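Okay, structure first, notes after.
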């Protein structure tokens, strides 16, 4: 047990700056290019729905389950008061979750705790797996969890480091794009039940404000997280 703990808290040296920069560029291309974004967006959805679920637990709402769909959409079902701070916080947590998770990953990676980061991701995925209520969601989490486990167990430390840097970049960059997509859909009237519009109905604050708030949080997380990774 002590050996496992020592392995978890062991620190890895940072790769050369050019490797960190390349990881960021690759993550940016994946997010910016439509085909690769369509294939990878499901990872952002996992973080998004995980944010809803975690906030629901923290605000003592009852979780009924999570569904992940093949079109990269998802839904988190909760039970409790239909209004009030708990519902507002739960609805607001989704779009900012990927960016904040990415910021946390950047902080752990910058401090050298790559192995700890990978195992924390595995723990979070395992908790989500208990809440999944459809087959595609189960398959998705098992695939992602299996990949993370293989990296944490079989890959060399320098490879783990590159993966951790790439994942942090991807989550922070990938957290911004869905917010921009959300606003485009709202302008066209194609997202009447989005998180922002639900928040507007709950708080009587315009949905555009919530989209702007999501965007500010994600950009600040990207800026600070990027600073941590390259400095």
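Numbering (this note's numbering), first residue to last: 2 to 232.
Heads up, the beta-carbon is just placed ideally off N, CA and C, and yes, glycines get one too.
Remember, predicted model here, so these are calculated numbers, not experimental data.
Going along the chain, which residues of its own chain have a beta-carbon closer than 6 Å to the beta-carbon of residue i, five neighbours each way excluded?
i, result
"residue 164", "152"
"residue 257", "Any answer about residue 257 is impossible in this case: the structure gives the chain only from 2 up to 232."
"residue 218", "97"
"residue 71", "137"
Compare the beta carbon distance of residue i and residue j with 9 Å and say whether it is the shorter of the two.
i, j, result
"residue 51", "residue 67", "yes"
"residue 229", "residue 89", "no"
"residue 225", "residue 121", "no"
"residue 187", "residue 220", "no"
"residue 209", "residue 184", "yes"
"residue 78", "residue 65", "yes"
Below 8 Å CB to CB, which residues in the same chain sit around residue i once its five sequence neighbours on both sides are set aside?
i, result
"residue 87", "57, 60, 61, 62 and 81"
"residue 207", "201"
"residue 141", "43, 47 and 69"
"residue 41", "31, 32, 171 and 175"
"residue 234", "It is not possible to answer for residue 234, since the shown part of the chain is limited to 2 through 232."
Leaving out five residues on either side along the sequence, give the residues of the same chain with a beta carbon under 7 Å from the beta carbon of residue i.
i, result
"residue 199", "92"
"residue 159", "16"
"residue 99", "45, 48, 49, 172, 175 and 176"
"residue 109", "117 and 118"
"residue 111", "229 and 230"
Check each candidate in the options and name the one with the smallest Cα separation from residue i.
i, options, result
"residue 126", "137, 112 and 149", "149"
"residue 76", "24, 133 and 226", "133"
"residue 26", "113, 112, 168 and 190", "168"
"residue 85", "205, 222 and 213", "205"
"residue 216", "226, 42 and 180", "180"
"residue 37", "18, 73 and 11", "73"
"residue 196", "18, 11 and 53", "53"
"residue 114", "166, 194 and 139", "166"
Using 8 Å for Cβ pairs, my map puts residue i next to residue j. What's the rounded Cβ distance?
i, j, result
"residue 106", "residue 117", "With 8 Å as the limit, residue 106 and residue 117 do not qualify as a contact, their Cβ atoms being about 11 Å apart."
"residue 95", "residue 39", "That pair is no contact at about 19 Å."
"residue 28", "residue 170", "4 Å"
"residue 162", "residue 13", "5 Å"
"residue 231", "residue 21", "6 Å"
"residue 131", "residue 146", "So it is not a contact: roughly 12 Å between Cβ atoms."
Checklist entry - Which parts of the region 12-80 are runs of the alpha helix (DSSP H), unbroken and 4 residues or longer, counting only runs that do not cross its ends? => result 18-33 and 35-59
Checklist entry - Of all the beta strand (DSSP E) runs that stay within the bounds of the region 79-159, which reach a length of 3 or more residues? => result none
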